[in-house]
Structure formats: C-alpha cells, structure tokens
Amino acid sequence: MRKTFAIVAAALASLAAAAIAALLRPVLKPQDPQPQTQRAGALRMTTQLDHRYLAEAGGAAYLQIDLAADGDASQRRRVPVNAVLILDRSGSMTGPKMDRARDAARALVNALTGDDRLAIVEFSSDASVLYPSSPLTEAARSRALRVIDLLEPMGGTNMSAAFDLASPELARGHAGGRVDKVFLASDGQANEGISDRAGLLRLAQRDFAGATLSTFGMGEDYDEDLMTAFASQNGGRARYIASPDVLPGAFRDELSRAATEVARNVRVRIKPIGGTNVDRVLGYDSDGGWVRLPDFAAG
1172 MRKTFAIVAA ALASLAAAAI AALLRPVLKP QDPQPQTQRA GALRMTTQLD
1222 HRYLAEAGGA AYLQIDLAAD GDASQRRRVP VNAVLILDRS GSMTGPKMDR
1272 ARDAARALVN ALTGDDRLAI VEFSSDASVL YPSSPLTEAA RSRALRVIDL
1322 LEPMGGTNMS AAFDLASPEL ARGHAGGRVD KVFLASDGQA NEGISDRAGL
1372 LRLAQRDFAG ATLSTFGMGE DYDEDLMTAF ASQNGGRARY IASPDVLPGA
1422 FRDELSRAAT EVARNVRVRI KPIGGTNVDR VLGYDSDGGW VRLPDFAAG
C-alpha cells in the first residue's frame, strides 16, 4: 500500500481532526499565525490557531489540525485482507454478550471473500487458535462458521494470551498486497495474565505493529476506555455493539476502508515553540507529542 500513496490522487476523501490545547508560559508575542497547508503523499494537512496572538501573560490556545486523504474509492478494486479475529468467550460474556460475539464472528466470515485470509483466536482463562490463518474458500468458510457455533462462555479473561497467539497468525497471513487487520470482540474485562491497561496497550502495540486493530464492545458494562484506547493506539476504530443488526454494515465498512487505504500508520508530531507545552489532545491519545491517527481511506 505504501508504494501506491503517490499515485492515488484525485478528490477529497476523508477527514480527521485533532484540537490541541497548549498551556502557555509567558513568551514573546510571535508573528500573526496564518492557516498553513502541507502535503505528504496522499495526505493534505491544514493547521489553524484560534487566536491571532499568543498572550505574553500566559493562557490557553487551541490549534486545529485537519487531515484529508485524496483518492476516489469508486475507481479502486478491493485489495485482499489478512484478517485475525480475537473472540472473548470468558465467563463474563455469558448471555447476550456471547450471542453478539458469535454474531460478530459470523458477520466477518460472511463479509470476507475467497481472496482474503482469516484466522480466529478465542480466549477465556487461556487462549487457543480456533481457526488457523488460511484463505477463505467456500469450504473454509463453512468450517469457520461451524467452529464459531460451538463457542460457549467459561473461565476468566486472559486477553494477553490471545494477543500472543494472534500475532503469529497475523504474520502467517501477511503478504505483499494484503492489508493486515485485527478485530477484537470483547467486553474488555481482563482479569488474568497481563490485565492492567498500560500493559495491555504495550502488548497490543508490540504484537500488532503494522496492523490496524478495531474493537467491538460487547455488553453495556464493557470497558469503553480500554477498547477505545486499543483502537486509537493501533489506528483502528472502536464500536459498541448494541444490536446484531449493525454488524454486517460495520464489517463491510471496515473491510472497505482497509482495502482502499491510501495512508497507514499515520502519526502527527506536535512540537511546541519555546515557552509553551502541549496540555492535551482532544479525542486522541498523545505520546510525547506524537498522535496516532486511524488509517486513511479513499472515497
């Protein structure tokens, strides 16, 4: 995908915005800020401060950063996807949550084509590869649906064990031209293995480097903060699944975006001038001034 970035330019396609609040110490008044636009491959970035001047006495200023991707998705053929689905079947998933997790798995299997690859990893107190990475032929699709139907909730929630098994499955299906996608269907209530938020985020960053991780929250009591942080950190999207009716469309959107990406692993660095510092980034996690954004799709 990276090699095609410079040759898929046509029209405005998608937008991401981040507003940064900068806590200012007393500084000399700079020149009037003006909107600035820069290009990098298929991305166009425009920045704008909310004030014409930065106060010498200190205070707060807001910087809006708009990023847009060029390209026409309607003119592009869907690129094959290398998908890994991680399914939570722990005891906390009893009842409607488990039903939604099975629904999510079926929706993904039915959305993929014979050009795609799929692996399924399930976890409770431990984890196992339910369906090894392989091309999704019609016979393979039937086998995958059968093993999904057999899933029943039990035990604790060892999410970290599932991540460690999913990583080699992702690598097994990786090949030039395929888009690597990881999907996590869970309530996010990890209580075995590595279970703290910081540790799980580090593990996801390590195990799924170069892939996007999208999350599907199951149940009203799911850990929204953790599931959103997974997606934000790994360039995916976080969804709460209140009804099975939304799943087919959600996976179609995920696969369409993955297959029409024009920029992946996008990061923006916010480097304040002397005498200022970045207080917070609204809507995104920031690591030392670096902000990871979802992948950009054409169309």
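Going by my numbering, the sequence shown opens with residue 1172, and the numbers climb by one from there. C-beta atoms are modelled at their ideal positions from N, C-alpha and C, and glycine is treated no differently. Just so we're clear, the structure is a prediction, and the values are computed from it rather than from any experiment.
Short Cβ contact (8 Å threshold) for residue i with residue j
i: Gly1388; j: Asp1358; result: yes
i: Gly1327; j: Gly1262; result: yes
i: Met1398; j: Pro1324; result: no
i: Leu1123; j: Ala1402; result: This structure cannot settle anything about residue 1123, because the visible part of the chain is limited to 1172 through 1470.
i: Ala1254; j: Phe1379; result: no
i: Ser1338; j: Leu1371; result: no
i: Leu1238; j: Leu1464; result: yes
i: Ala1439; j: Ile1236; result: A small fix is needed here, since residue 1439 is Val in this sequence, not Ala. In this structure, Ile1236 lies closer than 8 Å to Val1439 by Cβ.
i: Phe1422; j: Ala1278; result: yes
i: Arg1273; j: Leu1322; result: yes
i: Asn1329; j: Ala1375; result: no
i: Ala1315; j: Val1280; result: yes
i: Ala1276; j: Ile1291; result: yes
i: Lys1268; j: Gly1390; result: yes
Buried or exposed by the 16-neighbour rule on C-beta atoms within 10 Å, applied to residue i
i: Trp1461; result: exposed
i: Gly1347; result: exposed
i: Thr1208; result: exposed
i: Val1452; result: buried
i: Leu1195; result: Its pLDDT being 42, under 50, Leu1195 is placed unreliably in this model, and the value from its coordinates should be taken loosely. By the 10 Å Cβ count, Leu1195 comes out buried.
i: Asp1392; result: exposed
i: Ser1313; result: exposed
i: Gly1344; result: buried
i: Ile1444; result: exposed
i: Gly1364; result: buried
i: Lys1442; result: exposed
i: Arg1373; result: exposed
Proximity test, residue i beta-carbon vs the ligand ZN heavy atom, cut-off 7 Å
i: His1345; result: The ligand ZN is not part of the structure shown, which contains no ligands of any sort.
Supposed close pair residue i, residue j - CB separation, criterion 8 Å
i: Leu1341; j: Leu1307; result: With a Cβ gap of about 15 Å, Leu1341 and Leu1307 do not count as contacting.
i: Asp1259; j: Ala1356; result: 6 Å
i: Ala1382; j: Ala1333; result: That pair is no contact at about 15 Å.
i: Val1449; j: Arg1349; result: At roughly 36 Å, the Cβ-Cβ gap does not stay under 8 Å, so Val1449 and Arg1349 are not in contact.
Option in the options with minimal Cα separation from residue i
i: Leu1289; options: Tyr1302, Asn1329 and Ala1402; result: Tyr1302
i: Asp1424; options: Val1437, Arg1408, Pro1415 and Arg1438; result: Arg1408
i: Thr1447; options: Leu1316, Val1292, Asn1329 and Leu1234; result: Leu1234
i: Ser1296; options: Ala1361, Val1255 and Ile1257; result: Ala1361
i: Asp1270; options: Asp1416, Phe1422, Arg1438 and Val1449; result: Asp1416
i: Arg1215; options: Ala1240, Glu1227 and Asp1221; result: Ala1240
i: Arg1377; options: Asp1335, Val1300, Arg1317 and Gly1364; result: Asp1335
i: Glu1293; options: Val1318, Val1280 and Asp1287; result: Val1318
i: Leu1426; options: Asp1287, Asp1367 and Arg1373; result: Asp1287
i: Val1250; options: Asp1320, Gly1285, Thr1386 and Asp1394; result: Gly1285
i: Ser1304; options: Ile1257, His1222 and Ala1369; result: Ile1257
i: Thr1386; options: Tyr1411, Ser1366 and Ala1228; result: Tyr1411
In DSSP terms, what residue i is bridged to
i: Ser1299; result: Glu1293
i: Phe1473; result: There is no way to answer for residue 1473, as the model of the chain reaches only from 1172 to 1470.
i: Gln1209; result: Met1216
i: Ser1305; result: Leu1289
i: Tyr1393; result: DSSP, once it has assigned bridges, lists no residue as partnering Tyr1393.
i: Gly1407; result: Answer is none; Gly1407 lacks a bridge partner.
i: Ile1412; result: Met1389
CB contact check: residue i to chain B, cutoff 8 Å
i: Phe1294; result: Reference to chain B is not applicable here, since this structure consists of a single protein chain.
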